[in-house]
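Written out below as structure tokens is the structure these notes cover.
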Amino acid sequence: MDVVWASLWLFTLLNVVAVAALSLVWLERKLLGRMQGRVGPTRVGPFGLLQPIADGIKLLMKEDIAPGSSSRVLFFVAPLLVFVPSYMVWITIPFGRDLFVRNLDLGLFFFVALSVLGIVGLVLAGWSSNSKYAILGGFRSAAQLVSYEIPIIMTILVVAMLAGSLSFRDVVLAQDVVPYAAVQPLAFGVFLLAGLAEVGRTPFDIYHAESEVVGGPFVEYSGAHWAIFFLAEYINTFMVGALGALLFLGGWRWPVGDVPAAAGVALFLFKTYAIVAVIFWVRATYPRMRIDQLMSFGWKVLIPLSFAAFVATAFQMFYGWPIWTLTILSLVILVPPIYIQLRWQRKPAMALAKHYAEIAVAVHAQPRPVPVAAVTEADAAPGREDDA
Amino acid sequence: MTTEQQHDTIDMMLNMGPQHPATHGVFRMVLTLDGERVLDVTPHIGYLHRGSEKLCESESYGQVVTLFDRMDYIANLNNELAFCRAAERLMSIEVPERAMYIRVILAELNRVASHALFIGTYAIDLGAMTPVMYGFRERERIQNLFEAVTGARMMHNFIRIGGVKEDVPDDFGPRVRQLIGQVREGIEEMDRLLTFNEVYLARTRGVGVIDAATAISVGLTGPSLRGSGVAYDVRKDDPYEIYPYLSYKVPIGENGDCWDRYYVRLQECYESLSMISQCLDQMEAGPTMVQMRRIARPPKGEVYVHSENPRGDIGVYLVSDGTDKPYRLKIRPPSFCNLVGLAPMTRGSYIADAVAILGSLDIVLGEVDR
Amino acid sequence: MTAQTPNPPSEGDGEPPPAAAPVHRGPPIAIAEEVLNERGERTARLLAEVVGPHAQESGGRDDLPWAVVAPENLVEVARKCRNSSELALDMLHLQFAVDYEDHIQMVYVLFSMSLDRKAILRVNLPAEDPTVDSVVGLWEAASWYERETHDLFGVEFAGNPDLSPLLLFDGFEGHPGLKSYPFNDYQEW
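Chains as they are written, first to last, in the working numbering: chain V, 82 to 469; chain U, 49 to 418; chain S, 239 to 427.
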């Protein structure tokens, strides 16, 4: 009986998560469209709401092609290896106070463990496709995703320390007065950036960049298999938003406290979609970073910052300082890197632009000759003489 | 990022084939890679070769103008202008002043449209997906004006030997002034999004550096050459049409990297817009086509004329034998010559840089292959 | 008298049709005057100094003087043009071939980026075996120009390391740039 109940819950969860991911597809296209001066999908259903379903039907109807020289079993297992872990994390994520499939005491740890599993699937996809572009994409994805796991783990540890528990529910319940985004803005910022890199979203989407490696590890997949990758990416994006909302913004609880379940779910979804909308906004604005710039950003900036957040939280907890000292401390740690970055990149470029404005060669107009007197009608008509 | 070569490694050949989203047309680059570093790049062209130069020998001069339209299909009017000037020089024709003003206005508008496309496609090659929409929106505005004036959005066949095909519509002046304002705002939007964007700067500064001496030896012209610090602009050094009567600035870079080439083109957009409004102020009524025979028969001789295309120096060498068809028409396509500079620029950079460098050269394959 | 049609079909007993001479209709052919302007005169004098005795013919139009040199002297003359401090022709703007049926003429258009100079060098090559030394050592731009000319006209460039086809596909037979290539058979006018 328990098994039946559990499988029913899992099935519902699969549907909910799939619908959420599809809604993200729609939201992204609409938001991106509006930001680019166009309207996005409008034809399929009211406001284009059925567009993701149309996309899904189209993808499922496509022919299943596998490269002849690829190893079939691995080729078809790789998408599953990417999709199943990203779906399984949702078992522990609470949408409301009592709305979850299983409240694991090791919820955060479970999440980290499963998100690493997805990397294996991507590398396998790249390798089993037996194509140079796929291999390149697979290498890049492995390097990038493994490197950016570290800041995520550290920021999750910060939250776990502040809440005193690894379970999602307890983390949200601990944010009754002040959300952890206000307590540790540094950890929030690092989590969002590292989450962007984990999901593979611009500016960190070089491993599946269309204009460079034409799809990276996904290049040889078509139809339903590609749809699984696509769905997994959007589920991951939704998860980053949901995690940000739960861990840092107070989930369904802050600032309203204990409310009926529906309102709590609405609040949670609102926060999630807000973070997701910011992720889409970043996609519309920024070009993508090159792989070595990405790696150096991760290792030289994000990882030290995440460690600094961890150490700051440890200090505050050990010495028992009031909670607002943590805010000040994290802002103090956050501001210098931003300032340095601006000075390092933008200021020299702006100075250079000003310099170029000065050295531009100015050409001065010469005086025009006196305009010819107005011509007569006969002369003005263009002549057309036929030759012999 | 590279380590000492202690192992026996094989260099990988990556084919950025004729079908690739970032090669701006049918163009094939074979990269020899060592990990992520590019050791050498071999461009393969000719996928779009249509034999334009040979075709010109069997077409009358009026028909040749249409061939030039289709060569560099982004800057049609500039190409038509180059050819018509060559034929006019050989025939010693003085084009009426109003026709020259119309030609220059259309050519500069085409330059802005071409640069708007360059900025948009360059941005999307690097991953920024918004400027391309803005760029194409500006192009739409300009092409609507072209449709009103010439009858076609792209292959105009409007600039003819001896002048222009017909006079501009009555609302040309106010319409173009309004257009200049709108296009300037659009270009500024793209400018604000891209020019000082941290990720964009990281992707383009210091990438694809070519110094002035190599650039000149390789035959680079246009904004790519000016990005390396050589202040050569045909409109300034070899002025033609009514360019001597306009005041403008020729933007120059210094470092010769991708950002400089992009910045030079961006500033050229603004300069072109100001040139157009000067032309509108100075333009006066008059004839738009010189009196001449319908079938052009240049006397026997040769002439070489070059003008400033958005991509560089387009040269037309016309050898005429006195008949109504050219004997030999050689086109110097700026993109063809700029592409020779791809190899020196790309050696030693990353794969992602290869895409950025190719984009910054702003090639059009129709012109490269003719 | 049998009625004769205006153009009797040739049955072998009439006169054979005349050899294919190009039918020229229209006004007589004019010849363009080649006049150098002031800038061109200055450059022509400098060019004459630099090229010296090697110039077989010279002339010019507007601001572009030209000089014909022999194929053996081409590289030397080109090097002098490039290195001369008064001419400083540091950019090979254009290099191509013109097929005059009995000979092929290679034209080199040279520009100076630093000074206000342009010049053209011409080389006449025999049609059966057009070979000339490559100038790729002087200007890197020549590499693709020569590849294209070799592809389309069949001119051999001694010293160019890579003369593989540039514009035509692999396996193309013949040189379509030459007048003898059957390309323009369809005459519209």
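For glycine and all other residues, C-beta sits at the position ideal for the given N, C-alpha and C.
Bear in mind the structure is a predicted one, so any value in this text is a computation, not a measurement.
If you check each beta-carbon in the stretch 368-396 of chain V against every beta-carbon of chain U, the ones closer than 8 Å belong to 368, 369, 370, 371, 372, 373, 374. The alpha helix (DSSP H) runs lying completely inside the stretch 352-405 of chain V and spanning 4 residues or more are 372-378, 384-400, given in chain order. Interface criterion not met: the Cβ of residue 353 (chain S) is under 7 Å from no Cβ in chain U. Between residue 445 (chain V) and chain U, the shortest Cβ-Cβ separation is below 7 Å.
Closest in alpha carbon position to residue 392 (chain U), among U:192, U:265, U:100, is U:265. Residue 202 (chain V): not part of any beta strand (DSSP E); member of the alpha helix (DSSP H) spanning 188-209, first to last residue. Look at residue 271 (chain U): its C-beta is not under 7 Å from any C-beta on chain V. When beta bridges are read from the DSSP output, residue 297 (chain U) appears opposite V:443. Cβ neighbours of residue 229 (chain V) within its own chain (closer than 6 Å, five residues either side excluded): 275, 278, 279, 379. With contact defined as three or more Cβ pairs closer than 8 Å, the stretch 160-175 of chain U and the stretch 133-146 of chain U are not in contact.
If you check the CB distance, residue 96 (chain V) and residue 150 (chain V) do not come in under 7 Å.
Along the stretch 365-387 of chain S, the positions whose C-beta sits under 9 Å from a C-beta of chain U are 376, 377, 378, 379, 380, 381, 382, 383, 386, read in chain order. Of the residues assessed, residue 88 (chain V) falls on the exposed side of the cut-off, its CB having fewer than 16 other CB atoms within 10 angstroms.
When the alpha-carbon of residue 308 (chain U) is set against those of U:350, U:370, U:255, the nearest one is in U:255.
Boundaries of the alpha helix (DSSP H) harbouring residue 330 (chain U): 306-330, taken from the DSSP string.
In this model, residue 127 (chain V) and residue 107 (chain V) are separated by some 12 Å (Cα to Cα).
Identification of residues in the stretch 83-116 of chain U having a C-beta nearer than 8 Å to some C-beta of chain V yields 84, given in sequence order. Annotation: residue 375 (chain S) to residue 327 (chain S) spans about 14 Å, alpha carbon to alpha carbon. Within the same chain, 242 come within 8 Å of residue 395 (chain V) by CB-CB distance, once the 5 residues on both sides are set aside. Our two residues, residue 260 (chain U) and residue 363 (chain U), have alpha carbons roughly 21 Å apart in a direct line. Between residue 347 (chain U) and chain S, the shortest Cβ-Cβ separation is below 7 Å.
For residue 360 (chain S), the pairing in a beta bridge is given by DSSP as S:306, S:345. If you draw a straight line from the Cα of residue 371 (chain S) to the Cα of residue 393 (chain S), it comes to about 10 Å.
For residue 372 (chain S), there is no enclosing beta strand (DSSP E), as DSSP gives it neither H nor E. Taking C-beta atoms as the reference points, residue 239 (chain V) and residue 265 (chain V) count as a pair closer than 7 Å. Nothing from the stretch 299-328 of chain U brings a Cβ to less than 9 Å from some Cβ of chain S. Within the same chain, Cβ atoms closer than 7 Å to the Cβ of residue 234 (chain U) are found at 182, 185, 186, the five residues on either side in sequence being excluded. Around residue 246 (chain U), the beta-carbon contacts reaching into chain V at under 7 Å are 422, 426, 427.
For the stretch 138-153 of chain U, residues whose beta-carbon sits nearer than 9 Å to a beta-carbon of chain S comprise 138, 139, 140. For residue 144 (chain V), there is no enclosing beta strand (DSSP E), since its DSSP letter is neither H nor E.
The Cβ atoms of residue 267 (chain U) and residue 312 (chain U) do not sit closer than 7 Å to each other. In this structure, the alpha-carbon of residue 427 (chain V) lies about 10 Å from that of residue 434 (chain V). Under a 10 Å Cβ-count criterion, residue 383 (chain U) is classified as buried, with 16 or more other Cβ atoms of the shown protein chains found around its own Cβ.
Selection V:302, V:252, V:284, V:192 evaluated against residue 158 (chain V) yields V:302 as nearest (Cα-Cα).
Of all residues in the stretch 89-121 of chain V, the ones placed with a Cβ closer than 8 Å to any Cβ belonging to chain U are 113, 116, 117, 118, 119, in chain order.
By a beta-carbon distance limit of 8 Å, residue 74 (chain U) contacts residue 96 (chain U). Their separation comes to about 5 Å.
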